[in-house]
Structures are given as structure tokens and as C-alpha cells.
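So the structure is just underneath, and the comments pick up after that.
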Amino acid sequence: MLRRHAPSQLPGGSNRPPLVHWAESDPDERDRKRKCKRPAISLPPIIDHTQHLSPYRLALVDKLALVDKLLLEHQEHEEFMKKLLSKPFKIPIDGYTGSTGGRTLGARRSNVRLPLWDPYAPGALVVYSPPEYSAQDLLKMDESKKLVHVVVDPVLSNILRPHQREGVQFMYDCVTGKRIEGFSGCIMADEMGLGKTLQCITLVWTLLRQSPDTTPTINKAIIVCPSSLVKNWDKEIRKWLDGRINSLPIDSGKKEDIIRTL
């Protein structure tokens with residue numbers, strides 16, 4: 023722009039009002055204007071995201087309540103299993119008595135008498151056989167009074183030699199009074215090494231377990247021997263019966279100590 027065209031060079035330019043007017047304003051007014059010029063802060067809207075989630079999500083489940091519920095269900099399941107397993111097994115057939123070919127477990131069934139082991143199994147040692155009854159007699163007979171076979175435990179009978187089987191049969195007949203009426207007992211006079219100890223253990227174990235009335239013939243047995251053979255007897259019992267019977271060896275001590283041990 024040429025200088026001659028400047029506003030200051032125009033005629034009467036000195037009297038013209040200035041283009042910009044400066045005015046002193048109140049400080050409070052300036053602060054008010056500044057505050058008004060600040061843009062208002064807008065907060066983001068609050069959105070509930072749970073309303074868009076599936077009701078089957080685990081995020082909507084109270085975790086503590088879920089844990090308590092699982093623990094309660096676990097306890098109920100354990101109680102149910104204990105109650106179920108505490109019941110004795112029963113064949114769901116009316117009048118089922120089972121076979122005589124195996125050893126019975128648990129309490130015997132009411133009004134049914136069976137031997138502990140199968141008397142007709144191969145190699146079975148039967149030391150007592152009940153009298154034979156006809157079919158008509160069996161129908162009239164009271165089952166609670168029926169006699170059964172007395173069979174030696176197969177664990178022992180399978181290892182007995184022929185002369186030992188005869189010895190066990192002989193001792194059982196003598197001890198129960200079958201061989202000589204009114205007399206119970208016998209004397210073994212076999213030579214050393216013929217298995218007298220094994221035969222006596224077999225007899226004691228048979229008497230402790232069974233009888234023709236399906237009850238133990240004796241409740242306890244005492245073996246009296248020299249003190250030098252006490253441990254040998256204890257080892258033999260543990261060897262052949264393998265923990266099926268609890269033996270208590272006593273070879274020394276005063277009377278009070280023995281009574282306290284018993």
C-alpha cells in the first residue's frame with residue numbers, strides 16, 4: 023500500500039478516532055469473563071455393561087455363594103455315599119441263599135447254615151460230615167438245627183501231606199469225643215520232622231473257626247511247651263496262618279506281668 027493512501031496521510035487524519043480502543047476493566051470483571059470462556063466439562067454417560075451380558079455367564083454369579091453351594095453339594099454327596107456303602111450287599115432275588123462253593127462273608131443269612139468252605143472241592147479235607155437226609159426229611163427239618171460239614175481251611179489242607187491229613191482227622195475225632203465217647207484228647211507220638219506242629223496248628227485253627235453247628239468249637243487255645251520252643255511255635259503260627267490269628271508268646275516274667283500282658 024502506498025504511503026499516501028495510509029490513514030494517517032488522509033485529510034483530517036489526526037482527528038480520526040483510533041481503530042482500536044483500550045479500556046481499563048475491573049479485575050473481577052476480567053475473572054468473570056475468563057470463567058465464562060472456559061468450556062464446560064462433560065462427564066461420560068454411565069453405562070451398565072452387565073445388562074448386555076448373557077445370564078448364563080459366571081460373571082453374573084456370586085463367587086462366594088457358588089463355592090458354598092459346591093461345598094454343600096459335596097458334603098451331601100459324601101453323606102449319601104457313606105449311607106449307601108454302609109448297607110450290606112443283598113442279592114435282589116427273593117429266597118436267594120447262594121452256593122456252597124465259596125466262603126461266606128459277613129454275617130450269615132438267617133435260617134441258612136453253610137460250611138465255611140466247599141466240602142466237595144478237589145482236595146478238600148472234611149473232618150466231619152453230617153448225616154445224609156432225604157428230600158422229605160429236609161422239608162420237615164428246621165434250618166436253624168441243620169448240621170453242616172466241617173472243612174479244614176484250604177490254605178492248610180493244600181500243604182498237608184497224606185499222613186498229616188490222617189493225623190488231623192484223628193486228632194479232631196479224639197478232641198471232639200467222636201472216636202471214644204466221653205473222652206476228649208489224644209497224644210501224638212510221631213518222630214521228629216513229620217509235621218506235628220503243623221498238624222496241631224491246623225487242628226487249633228479248625229476248632230477256632232467252625233463246628234457242625236456253624237459256631238466256633240472253642241474260643242481260645244493255650245499251647246504249653248518248653249520255654250526254648252515258645253518262639254518257635256510263634257514263628258510257625260505266623261508262617262502257616264499268615265496273620266489270620268493273633269498269637270501271644272509268653273516265656274518269662276512274674277505272675278503279675280503275665281496277667282497284665284494278657
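Throughout the sequence shown, residue numbering follows this note's numbering, covering 23 to 284 in sequence.
Here a beta-carbon is modelled for each residue, glycine too, at the ideal position from N, C-alpha and C.
These numbers were taken from a predicted model, which means no experiment stands behind them.
Shortest alpha-carbon distance to Thr219 belongs to which of Gly199, Cys247, Ile240 and Gly207?
-> Numbered from 1 along the sequence shown, position 197 holds the residue referred to as residue 219. The shortest C-alpha separation from Thr219 is found at Cys247.
Among Leu182, Arg282 and Pro234, which residue has its Cα nearest to the Cα of Cys222?
-> The sequence position of residue 222 within the sequence shown is 200, counting from 1. Taking only the C-alpha atoms, the option nearest Cys222 is Leu182.
Pick from Ser274, Arg266, Val170 and His185 that is closest to Pro234, judged by C-alpha positions | Within the sequence shown, numbered from 1, the residue matching residue 234 stands at position 212. Among Ser274, Arg266, Val170 and His185, the Cα nearest to that of Pro234 belongs to Val170.
Buried or exposed by the 16-neighbour rule on C-beta atoms within 10 Å, applied to Tyr194 | Your numbering for residue 194 matches position 172 in the sequence shown. Buried, because 16 or more other Cβ atoms sit within 10 Å of the Cβ of Tyr194.
Contact between the region 157 to 164 and the region 191 to 207 (3+ Cβ pairs under 8 Å) | no
Helix, strand or coil at Tyr142 according to DSSP, with G and I counted as helix | To locate residue 142, count along the sequence shown from 1; it is residue 120. Correct three-state label for Tyr142: coil.
Distance, Cα to Cα, Arg260 vs Asp175?
-> Position 238 of the sequence shown, counting from 1, holds the residue named residue 260. Position 153 of the sequence shown, counting from 1, holds the residue named residue 175. Answer to the nearest angstrom: the Cα atoms are 15 Å apart.
Taking Leu229 as the reference, which of Ser250, Val252 and Ile267 has the closest Cα?
-> Position 207 of the sequence shown holds residue 229. The shortest C-alpha separation from Leu229 is found at Ile267.
Hey, quick one: how far does the beta strand (DSSP E) through Val246 stretch, first residue to last?
-> Within the sequence shown, numbered from 1, the residue matching residue 246 stands at position 224. Looking at the DSSP string, Val246 is not in any beta strand (DSSP E), and its letter there is neither H nor E.
Are the beta-carbon atoms belonging to Gln191 and Gly217 less than 8 Å from one another?
-> Taking the first residue of the sequence shown as position 1, residue 191 is located at position 169. Taking the first residue of the sequence shown as position 1, residue 217 is located at position 195. The answer is no: Cβ separation not under 8 Å.
Span separating the alpha-carbon of Asp279 from that of Asp273 | Here residue 279 refers to the residue found at position 257 when the sequence shown is read from its first residue. Here residue 273 refers to the residue found at position 251 when the sequence shown is read from its first residue. Rounded to the nearest angstrom, the two C-alpha atoms are 11 Å apart.
Start and end of the alpha helix (DSSP H) containing Tyr155?
-> Reading the sequence shown from its first residue, position 133 is the one you call residue 155. Premise fails: Tyr155 is in no alpha helix (DSSP H) and is neither H nor E.
How many angstroms separate the CA atom of Phe102 from the CA atom of Ile245?
-> Counting from one through the sequence shown, the residue named residue 102 turns up at place 80. Counting from one through the sequence shown, the residue named residue 245 turns up at place 223. Answer to the nearest angstrom: the Cα atoms are 48 Å apart.
For Ala143, the nearest candidate out of Ser179, Glu100 and Ile281 (CA to CA) = On the sequence shown, position 121 is the one that residue 143 refers to. Closest by alpha carbon: Ser179.
In three-state DSSP terms, what is Val190?
-> As a working mapping, residue 190 is identified with position 168 in the sequence shown. Val190: helix per DSSP, three-state reduction.
Cut-off 7 Å between Cβ atoms - residues of its own chain near Val226, not counting five sequence neighbours on either side | Locating residue 226 in the sequence shown gives position 204, counting from the first residue. Excluding positions up to five away in sequence, the list reads Ala243.
Using the Cα positions of Tyr150 and Asp264, report the straight-line distance between them to the nearest angstrom.
-> The count along the sequence shown starts at 1 and reaches residue 150 at position 128. The count along the sequence shown starts at 1 and reaches residue 264 at position 242. Spanning the two alpha carbons is a distance of roughly 25 Å.
If Val134 sits next to Glu165, beta carbons under 8 Å apart, how far is it from one beta carbon to the other, in whole angstroms?
-> Along the sequence shown, read from residue 1 onward, the residue named residue 134 stands at position 112. Along the sequence shown, read from residue 1 onward, the residue named residue 165 stands at position 143. That belief holds up - the Cβ atoms of Val134 and Glu165 are roughly 6 Å apart, short of 8 Å.
Could you give the C-beta distance for Pro152 and Val173, rounded to a whole number, given that I count them as a contact under 8 Å?
-> As a position in the sequence shown, residue 152 is number 130, starting the count at 1. As a position in the sequence shown, residue 173 is number 151, starting the count at 1. In fact, because the Cβ distance is near 12 Å, the residues do not count as touching under 8 Å.
Thinking just about the alpha-carbon of each residue, which of Phe205, Gly189 and Val197 is nearest to the one in Ala211?
-> For the purposes of this step, residue 211 is identified with residue 189 of the sequence shown, where counting begins at 1. Ranking Phe205, Gly189 and Val197 by Cα distance to Ala211 puts Gly189 first.
Quick one: grab the DSSP three-state call for Asp273.
-> Within the sequence shown, residue 273 is the residue found at index 251, counting from 1. Note: Asp273 maps to coil in three-state DSSP.
Hey, Arg231 and Leu138: beta-carbon distance below 8 Å or not?
-> By 1-based counting over the sequence shown, the position of residue 231 is 209. By 1-based counting over the sequence shown, the position of residue 138 is 116. Against a cut-off of 8 Å, the Cβ pair of Leu138 and Arg231 comes out as a contact.
Extent of the continuous alpha helix (DSSP H) run through Thr224 | Locating residue 224 in the sequence shown gives position 202, where the first residue counts as 1. Element bounds for Thr224: Lys218 to Arg231.
Out of Asn241, Ile240, Thr239 and Leu270, point me to the one whose CA is closest to Asn254's CA.
-> For the purposes of this step, residue 254 is identified with residue 232 of the sequence shown, where counting begins at 1. That would be Leu270, whose Cα lies nearest to the Cα of Asn254.
Measure the C-alpha to C-alpha separation of Lys168 and Asp90 and round it to an integer number of angstroms.
-> Reading the sequence shown from its first residue, position 146 is the one you call residue 168. Reading the sequence shown from its first residue, position 68 is the one you call residue 90. The alpha-carbon atoms of Lys168 and Asp90 are separated by roughly 58 Å.
Range covered by the alpha helix (DSSP H) that runs through Val177 | Along the sequence shown, one-based indexing puts residue 177 at 155. Start and end: Pro176 to Ser179.
Alpha carbon to alpha carbon, how far is Thr236 from Pro114?
-> For the purposes of this step, residue 236 is identified with residue 214 of the sequence shown, where counting begins at 1. For the purposes of this step, residue 114 is identified with residue 92 of the sequence shown, where counting begins at 1. For Thr236 and Pro114, the distance between alpha carbons rounds to 25 Å.
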